[in-house]
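Read through the structure below, which is laid out as structure tokens, and then see the notes.
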Amino acid sequence: MTGTRHSYIKSRSGCQNCKRRKLKCGEETPSCRNCERRGKVCSLLGSSASLAANPSSALPHAQLPSGSETALPIPRPPGTGDVGFGPAGFTILDMELLHHYSISTALTLSSDPTLGNYFLQSVPQLGFSHIYVLHSVLALASSHVAHLRPESRQYYYDQSRARHTAATSMATPLLSDISTANAIPLFCFSFTTVFIAFGSLRDEDHLPFQESSLIPSWLVLFRGLRTVLEANNGALFSSSVSFLFHTTEVKRSWEFKQADMRALLEFQGFIKTSTSEEDEQTRQLLLDAFQELRRALYFFYDGNYGNEAKNRSLFTWMYKISDEFLSLVQQGNRKALCILGFACVLVHQLEYNWWCQGWGIRWIERVYASLDSVHRFWIAWPIREIGWVPKRETADSKNI
1 MTGTRHSYIK SRSGCQNCKR RKLKCGEETP SCRNCERRGK VCSLLGSSAS
51 LAANPSSALP HAQLPSGSET ALPIPRPPGT GDVGFGPAGF TILDMELLHH
101 YSISTALTLS SDPTLGNYFL QSVPQLGFSH IYVLHSVLAL ASSHVAHLRP
151 ESRQYYYDQS RARHTAATSM ATPLLSDIST ANAIPLFCFS FTTVFIAFGS
201 LRDEDHLPFQ ESSLIPSWLV LFRGLRTVLE ANNGALFSSS VSFLFHTTEV
251 KRSWEFKQAD MRALLEFQGF IKTSTSEEDE QTRQLLLDAF QELRRALYFF
301 YDGNYGNEAK NRSLFTWMYK ISDEFLSLVQ QGNRKALCIL GFACVLVHQL
351 EYNWWCQGWG IRWIERVYAS LDSVHRFWIA WPIREIGWVP KRETADSKNI
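Residue numbers for the sequence shown follow the UniProt record's numbering, beginning at 1 and rising by one.
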């Protein structure tokens, strides 16, 4: 008996990109898989029709830990869906994420009252006139919820990625023409992007390092933030947000203080005396990069500095590090890789921040695996500080 062939009924509600490319659209929300794979902004993002057609995407909200990482907004029963909201296509989930950002996420970004207030009030307000800022805020909040709710982690990471894809598609064209009118919103987009990259370590679809590189995604993205800061001869430093950068403990002490632990001094001496591999210019690049790192480490090991100074010391180091040094890393310069090993300590010491958790160990693993036995000796101090134990098969492997 010949089986009856069931004809495929073409969906009329697929996204515009899939229709244009004549692809079968899975209509996943908030962005279909085809668009996610290609990094395109899906027309289903925020579509009330598509969200209502996929009620299983709405997850019930469990009670979250009390304290600074407060519970998510009002619970809703399973199966209610993310109902469309407003002419811009924002959903109930978007409203919940914005609420979560206001009562929780913004409070985790800085302990400085002035900076914290800027994150809490000014950034979302700016998002109402610059939608890419609002999308990035929602993406950051969703990444935070993914951290707080491991049972729904990938769902919220998917939501974060879709919103950040939308924000990036709007902001990227503006980065080639930074003006006084868009510098501040682009700055807000850029720093939320850095936080999103930090917070996406456990996202199964996020690449924490670019291919085989030892440079984390957030360090690469911070170069974009630096571009915004330095645009128009550094106009942002004298703009209405100049208070974010001036009169801080870190800024006052940076040029005059350096950590002086024995391990640091010995490695610095190794750079100075081991000249067979590098020319004078390369050696100076290495010394300058390591000196900046010693300045950052000072705020962790010397004096009586709070968490905010430690956070700022990491970002100051990220700002100060040169493109030429990162080129040495990409070229596989072993001393440059050792300096990254010391930098892993900075990130690990900041694990009291949800967005930094896990990075120190993940980073030192990659650095260690890229070094030969001679240079692994020089990162013994970072390994001890982090408390990481190399796997036996890695420790016994042949020199790289």
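Using N, Cα and C, we set each Cβ at its ideal position, and we do this for glycine too. From a predicted model like this one, the values you see are computed outputs, not experimental measurements.
For residue i, count the other beta carbons within 10 Å of its own beta carbon; 16 or more makes it buried, fewer makes it exposed. Which is it?
i	result
residue 127	buried
residue 265	exposed
residue 98	buried
residue 294	buried
residue 186	buried
residue 310	buried
residue 280	exposed
residue 75	With a pLDDT of only 40 at residue 75, under the threshold of 50, the placement of this residue in the model should not be trusted; the figure read from the coordinates follows. The residue in question, residue 75, is exposed, as its Cβ has fewer than 16 Cβ neighbours within 10 Å.
residue 336	buried
residue 14	buried
residue 341	buried
residue 77	In this predicted model, residue 77 has a pLDDT of only 35, less than 50, meaning its place in the structure is not dependable enough to derive any value.
residue 389	exposed
residue 254	buried
residue 377	exposed
residue 225	buried
residue 316	buried
residue 124	buried
residue 282	buried
residue 27	buried
residue 353	buried
residue 402	In the structure as shown, the chain begins at 1 and stops at 400. Residue 402 is therefore absent and cannot be evaluated.
residue 114	exposed
Can the beta-carbon of residue i be found less than 7 Å from the beta-carbon of residue j?
i	j	result
residue 263	residue 381	yes
residue 95	residue 132	no
residue 285	residue 230	no
residue 148	residue 192	no
residue 346	residue 326	no
residue 31	residue 18	no
residue 136	residue 167	yes
residue 195	residue 355	yes
residue 111	residue 351	no
residue 237	residue 243	no
residue 348	residue 332	no
residue 222	residue 318	yes
residue 156	residue 142	yes
residue 292	residue 320	yes
Round the Cβ separation of residue i and residue j to the nearest angstrom and send it over; I've been treating them as touching at under 8 Å.
i	j	result
residue 368	residue 379	7 Å
residue 312	residue 375	The Cβ separation is near 30 Å, so there is no contact.
residue 338	residue 364	In fact, because the Cβ distance is near 11 Å, the residues do not count as touching under 8 Å.
residue 91	residue 144	At roughly 18 Å, the Cβ-Cβ gap does not stay under 8 Å, so residue 91 and residue 144 are not in contact.
residue 119	residue 109	5 Å
residue 384	residue 209	Between residue 209 and residue 384 the Cβ distance is about 23 Å, and since that is not below 8 Å, they are no contact.
residue 370	residue 214	6 Å
residue 232	residue 183	7 Å
Using DSSP bridges, identify the partner residues of residue i.
i	result
residue 185	Residue 185 is not bridged to any residue.
residue 216	209
Open item on the list: I'd like to know if the region 184 to 204 and the region 294 to 308 are in contact, where contact means that at least 3 CB-CB pairs between them fall below 8 Å.
Closed with: no
- [ ] Report yes or no: do three or more beta-carbon pairs, one from the region 149 to 162 and one from the region 214 to 233, lie closer than 8 Å?
- [x] Not touching, per the Cβ criterion.
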